[in-house]
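Q: Those sequence lines, one after another, are chains F and B.
Taking our numbering, the leading residue of the first sequence gets 60, the next gets one more, and so forth.
Taking our numbering, the leading residue of the second sequence gets 522, the next gets one more, and so forth.
Cβ coordinates follow ideal geometry from the N, Cα and C atoms, glycine included.
Treat the numbers as computed from the prediction; the structure is a model and nothing was measured.
Right, I'll just put the structure down here and ask away after.
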Amino acid sequence: MTKYHPLRQLFLARLRTFYREPDAMFWTYGFPLILTVGLGIAFRNRPPEKIVIDIADSPRAVEVKTALDADERFKVNICGTDECADRLRLGKTTIIVELGEEYAYRYDPTRPESHLAHISLDDALQKLAGRADAIDTKNVEITEPGARYIDFLVPGLLGMNLLGGGLWGVGFVITDMRVKKLLRRLLATPMSKSHFLLSLVGGRLVFMIPEILVLLGAGWLIFDMPIRGSVFAIVVLCLIGAISFAGIGLLVASRADKIETIAGLTNLVMLPMWLFSGIFFSHDRFPEAFQPFILALPLTQLNDALRAVILEGQSLFEQGVPILVISTWGAVAFALSLKWFRWT
Amino acid sequence: MDQPMSAVVICKDLRKRYDSKKKGVDALNGLNLEIREGECFGLLGPNGAGKTTTVEILEGLIRPTSGHVEVLSRQWNGRDDTAIRQRIGISLQETRLKDKLTVFETLVLFRSFYDVGRDPEVVLEMVQLQEKRNSWVVKLSGGQRQRLAVACALVGDPELLFLDEPTTGLDPQSRRDLWEIIRDQQTRSRTTVLTTHYMDEAERLCDRVAVVDHGKVIALGTPSELIAKLGGDHIIEFDLAAGEGAAPDIESLSGLPEVSTARVGSDGYLLTVTKPHIALPALIAQLESQNHELARLSTRHVSLEDVFVTLTGRHLDDDEVSPA
Ligand SMILES: Nc1ncnc2c1ncn2[C@@H]1O[C@H](COP(=O)(O)OP(=O)(O)OP(=O)(O)O)[C@@H](O)[C@H]1O
Ligand SMILES: [Mg+2]
Numbered sequence: 060m061t062k063y064h065p066l067r068q069l070f071l072a073r074l075r076t077f078y079r080e081p082d083a084m085f086w087t088y089g090f091p092l093i094l095t096v097g098l099g100i101a102f103r104n105r106p107p108e109k110i111v112i113d114i115a116d117s118p119r120a121v122e123v124k125t126a127l128d129a130d131e132r133f134k135v136n137i138c139g140t141d142e143c144a145d146r147l148r149l150g151k152t153t154i155i156v157e158l159g160e161e162y163a164y165r166y167d168p169t170r171p172e173s174h175l176a177h178i179s180l181d182d183a184l185q186k187l188a189g190r191a192d193a194i195d196t197k198n199v200e201i202t203e204p205g206a207r208y209i210d211f212l213v214p215g216l217l218g219m220n221l222l223g224g225g226l227w228g229v230g231f232v233i234t235d236m237r238v239k240k241l242l243r244r245l246l247a248t249p250m251s252k253s254h255f256l257l258s259l260v261g262g263r264l265v266f267m268i269p270e271i272l273v274l275l276g277a278g279w280l281i282f283d284m285p286i287r288g289s290v291f292a293i294v295v296l297c298l299i300g301a302i303s304f305a306g307i308g309l310l311v312a313s314r315a316d317k318i319e320t321i322a323g324l325t326n327l328v329m330l331p332m333w334l335f336s337g338i339f340f341s342h343d344r345f346p347e348a349f350q351p352f353i354l355a356l357p358l359t360q361l362n363d364a365l366r367a368v369i370l371e372g373q374s375l376f377e378q379g380v381p382i383l384v385i386s387t388w389g390a391v392a393f394a395l396s397l398k399w400f401r402w403t
Numbered sequence: 522m523d524q525p526m527s528a529v530v531i532c533k534d535l536r537k538r539y540d541s542k543k544k545g546v547d548a549l550n551g552l553n554l555e556i557r558e559g560e561c562f563g564l565l566g567p568n569g570a571g572k573t574t575t576v577e578i579l580e581g582l583i584r585p586t587s588g589h590v591e592v593l594s595r596q597w598n599g600r601d602d603t604a605i606r607q608r609i610g611i612s613l614q615e616t617r618l619k620d621k622l623t624v625f626e627t628l629v630l631f632r633s634f635y636d637v638g639r640d641p642e643v644v645l646e647m648v649q650l651q652e653k654r655n656s657w658v659v660k661l662s663g664g665q666r667q668r669l670a671v672a673c674a675l676v677g678d679p680e681l682l683f684l685d686e687p688t689t690g691l692d693p694q695s696r697r698d699l700w701e702i703i704r705d706q707q708t709r710s711r712t713t714v715l716t717t718h719y720m721d722e723a724e725r726l727c728d729r730v731a732v733v734d735h736g737k738v739i740a741l742g743t744p745s746e747l748i749a750k751l752g753g754d755h756i757i758e759f760d761l762a763a764g765e766g767a768a769p770d771i772e773s774l775s776g777l778p779e780v781s782t783a784r785v786g787s788d789g790y791l792l793t794v795t796k797p798h799i800a801l802p803a804l805i806a807q808l809e810s811q812n813h814e815l816a817r818l819s820t821r822h823v824s825l826e827d828v829f830v831t832l833t834g835r836h837l838d839d840d841e842v843s844p845a
């Protein structure tokens, strides 16, 4: 009896079919790792770019250019008035200065880089003309881990991966078994249906552990990402997320009897969250009116909670709202799938 | 077999209609069956006759449109389903298993669903798959997969075994191995329900046979009873060389001594006879007197195929769809 425990055998079968499938392994572990490293390198912090300034040609242009060239913040060109105007329009320069009786600046104040150019250029030209600083100042420069793009990105990718795991690792797997009539063959045995579903969810929880290790490990080892909160809190959040997303995967697969259907439904669920839930950039960038909808998404809450714990070192107890939102999604999804699920 | 034989499967007035967009298909039209404990029961019929539909209703995989079904004295009602499933073994007409589990892992998985059952190692030996023990299912040949499907049906040591065309695609040796398995079920007084297209198989294995056509049982009995219905147990088949003269008429052929029926088959004439040693000389004499030359002549025992053709006018491997 114990030698052939059905839950154990179903669970083993799930593990085996997973690790024997190179595609599943790649999309679960390889792809997020590549994404982390790739984006981490592409968006690493670089010294600020030079400010491009055009001086409209005039007798004093060369003299002013030489003086400004000494300041390494600037890249200065001299060109005819029409050409300067064209360059500004095309975004090749940020500001034009005309050196006359009084200096005239031409720029678009709604472009952040032009705005910055205006302040810096005016400051430099005023100093050249002899203005003295009213107070002495000194600069202390800080570039701290935790505030960089990679630090923002890794928790988001972790959340995204957990969502994908639930939808592909549960939803797609079930539909695939249904399409291939495997579910039907299992149904013809006295197998307990809850054992079957438990084995799928259990599989997800096991596959989740290397997911966390790979992503946080890459962030920590390669990019020196800080992990300020407790590992326990991170694991608990991932666990709640993984279970809820497994529930959503199950719900999506309740009736799907074609691979095309499950692929479409999976995208329907994932795309809005990829866009709105703050994986690659903060969801605060969307208009205020969208926020209630965005905050209601489970991935938004998971990503926010993961960032709060990993980057800000918050405790699990401060994550009450996210945990509530995520588990409500999970509970509703499981309840609905129990109602709608079709085995054949 | 000292107890009175009780019915393990009963179905009464079974009907099944598949509704599709264009038109519905009536797969079963009032099918009745009673299968007794310990027998090997064969379902015979051409493609589309309703064999798989019948078997899958008995297995609780399809709901009938109407009719009464009883399996092992229980009904498929949701409550008793698991209890029935513990005691039956199923090999579907087309069984798909997990591609990337090994043969042995698959058997252990199926074994784990049953409270009591056979040792997977033993079952592996029964279907002669020991050599493939550690191969992935995806790497098996068609016949090997078929044997694994049967093994999955056997691993729960079922009282009632359903095999839907288990020998289709098997080589002769594997077919004989499978017959051994079914005989073993019989000697242990366990019931087997078998669908097949092979006449010799049904004649060899089945205690009773139901011939199904258009979703109904059109004949039922032991193979020898059915054969006896033809009025003879030998068949003379012959064909004439193309030549002069009118073809011999059926009337005069069936009037020959010891010939009970005569008909024109797809490739010649068929006579059902009781005593070939009397019928043959008479036939040859008649053909000679009419100046016909024989191209081919053979005699053989009557088979279920002949029964089927006599009953329906079609061959077993003909499709159900015939020009109306
Ligand atoms: N899912 C389905 N939807 C619609 N029609 C179906 C379905 N399954 C079977 N049928 C129809 O029901 C009839 C009986 O099919 P069934 O599979 O029971 O035949 P069978 O006797 O097993 O044939 P075979 O010897 O080819 O296996 C056929 O006409 C078939 O087309
Ligand atoms: Mg069939």
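Determine whether the Cβ of R632/B lies closer than 8 Å to any Cβ atom of chain F.
A: Yes, its Cβ sits closer than 8 Å to a Cβ of chain F.
Q: Mind checking who S819/B pairs with in its DSSP beta bridge?
A: BP columns for S819/B point to E758/B.
Q: Among the residues of its own chain, which have a CB less than 6 Å from the CB of F211/F, if the five just before and after it don't count?
A: So no residue of the chain qualifies.
Q: In terms of residue numbering, what span does the alpha helix (DSSP H) encompassing Y78/F cover?
A: Residues P65 to Y78.
Q: What is the DSSP secondary structure of E826/B, counted as helix, strand or coil?
A: Correct three-state label for E826/B: helix.
Q: Going residue by residue through the region 554-597 of chain B, where are the continuous alpha helix (DSSP H) segments of at least 4 residues, counting only ones entirely within it?
A: Within the region 554-597 of chain B, the complete alpha helix (DSSP H) runs of at least 4 residues are 572-579.
Q: Please report how far the alpha carbon of V732/B lies from the alpha carbon of A548/B, in whole angstroms.
A: Going by the C-alpha atoms only, they are around 15 Å apart.
Q: Can you give the Cα-Cα distance for I703/B and K533/B, rounded to whole angstroms?
A: If I take the Cα positions, the gap works out to 26 Å.
Q: Quick one: residues in its chain with C-beta nearer than 6 Å to the C-beta of G571/B, no 5 flanking neighbours on either side, listed in chain order?
A: Answer for G571/B: A548, L549, V733 and G736, listed in chain order.
Q: Would a check of beta-carbon distances place I611/B closer than 8 Å to chain F?
A: Interface residue, yes.
Q: Indicate, with yes or no, if ligand 1 has a heavy atom lying under 7 Å from the CB of Y539/B.
A: At least one heavy atom of ligand 1 is nearer than 7 Å to the Cβ of Y539/B, so yes.
Q: Determine which residues share a DSSP beta bridge with E157/F and list them.
A: Paired residues: A163/F.
Q: Which residues have their C-beta within less than 7 Å of a heavy atom of ligand 2, listed in chain order?
A: The answer, residue by residue, is K572/B, T573/B, Q614/B, D685/B, E686/B and T716/B.
Q: Between F352/F, E347/F and S251/F, which has its C-alpha nearest S633/B's C-alpha?
A: S633/B has its Cα closest to that of S251/F, out of F352/F, E347/F and S251/F.
Q: I'd like the span of the alpha helix (DSSP H) that includes L675/B, first residue to last.
A: Counting along the chain, the alpha helix (DSSP H) containing L675/B begins and ends at G663 to L675.
Q: Is F581/B near ligand 1, in the sense that its beta carbon is under 7 Å from a heavy atom of that ligand?
A: Checking the sequence, you will find Gly at residue 581/B rather than Phe. G581/B Cβ: outside cutoff for every heavy atom of ligand 1.
Q: Hey, is E626/B's beta-carbon within less than 8 Å of any beta-carbon in chain F?
A: Yes, because at least one Cβ of chain F sits closer than 8 Å to the Cβ of E626/B.
Q: Where does the unbroken alpha helix (DSSP H) through C138/F begin, and where does it stop?
A: Looking at the DSSP string, C138/F is not in any alpha helix (DSSP H); the run it does join, the beta strand (DSSP E), is F133 to C138.
Q: Do L761/B and L815/B have their CB atoms nearer than 8 Å?
A: Result yes, Cβ atoms of L761/B and L815/B sit closer than 8 Å.
Q: Looking at D620/B and V644/B, is the spacing between their C-beta atoms short of 8 Å?
A: Not a contact, by the Cβ cut-off of 8 Å.
Q: Output needed in chain order: residues of the region 230-247 of chain F with a Cβ under 9 Å from some Cβ in chain B.
A: Within the region 230-247 of chain F, the qualifying residues are M236, K239, K240, L241, R243, R244, L245, L246 and A247.
Q: With distance defined between alpha-carbon atoms, name the residue in F266/F, D116/F and A348/F nearest to A163/F.
A: Among F266/F, D116/F and A348/F, the Cα nearest to that of A163/F belongs to D116/F.
Q: Listed from N- to C-terminal order along the chain, which residues in the region 66-80 of chain F have their beta-carbon within a distance smaller than 8 Å of any beta-carbon of chain B?
A: So the list reads R67, Q68, L69, L71, A72, R75, T76, R79 and E80, given in the order they occur along the chain.
Q: Between T743/B and V730/B, what straight-line distance do the alpha-carbon atoms span, to the nearest angstrom?
A: C-alpha separation (whole angstroms): 6 Å.
Q: Report yes if the C-beta distance between R314/F and R401/F is below 8 Å; otherwise report no.
A: Cβ atoms of R314/F and R401/F: closer than 8 Å.
Q: With which residues is N550/B paired in a DSSP beta bridge?
A: In the DSSP output, where bridge partners are listed per residue, N550/B has R536/B.
Q: Name the chain F residues that come within less than 8 Å of V629/B, Cβ to Cβ?
A: The answer, in chain order, is Y63 and Q68.
Q: Name the one or two DSSP bridge partners that I611/B has.
A: Paired residues: F683/B.
Q: Starting from the C-beta of R263/F, find all residues in its chain whose C-beta is less than 7 Å away, skip the five residues before and the five after it, and write them out in chain order.
A: The answer, listed in chain order, is G224, G225, G228, V229, A301 and A305.
Q: Between the region 540-560 of chain B and the region 595-602 of chain B, can you find at least three pairs of beta-carbon atoms closer than 8 Å?
A: No, they do not touch.
Q: Can A723/B and L825/B be called in contact, C-beta distance under 8 Å?
A: Yes, the Cβ-Cβ distance between A723/B and L825/B is below 8 Å.
Q: Ignore the nearest five residues each way along the sequence and tell me which others in L274/F's own chain have a CB closer than 8 Å to its CB.
A: Closer than 8 Å at Cβ, skipping near neighbours: P91, L92, T95, V213, L216, L217 and N220.
Q: Which residues in chain F have a C-beta closer than 8 Å to the C-beta of L618/B? List them in chain order.
A: Near L618/B (Cβ distances below 8 Å), the residues of chain F are L241 and R244.
Q: Give the straight-line distance between the Cα atoms of E558/B and S710/B, rounded to the nearest whole angstrom.
A: Computed Cα separation, rounded: 7 Å.
Q: Taking the alpha helix (DSSP H) that Y790/B belongs to, which residues open and close that run?
A: Here Y790/B belongs to no alpha helix (DSSP H); instead the beta strand (DSSP E) covers G789 to V794.
Q: Please report the Cβ distance between L751/B and Q68/F, rounded to the nearest whole angstrom; I am assuming they are in contact, meaning their Cβ atoms lie under 8 Å.
A: The Cβ separation is near 51 Å, so there is no contact.
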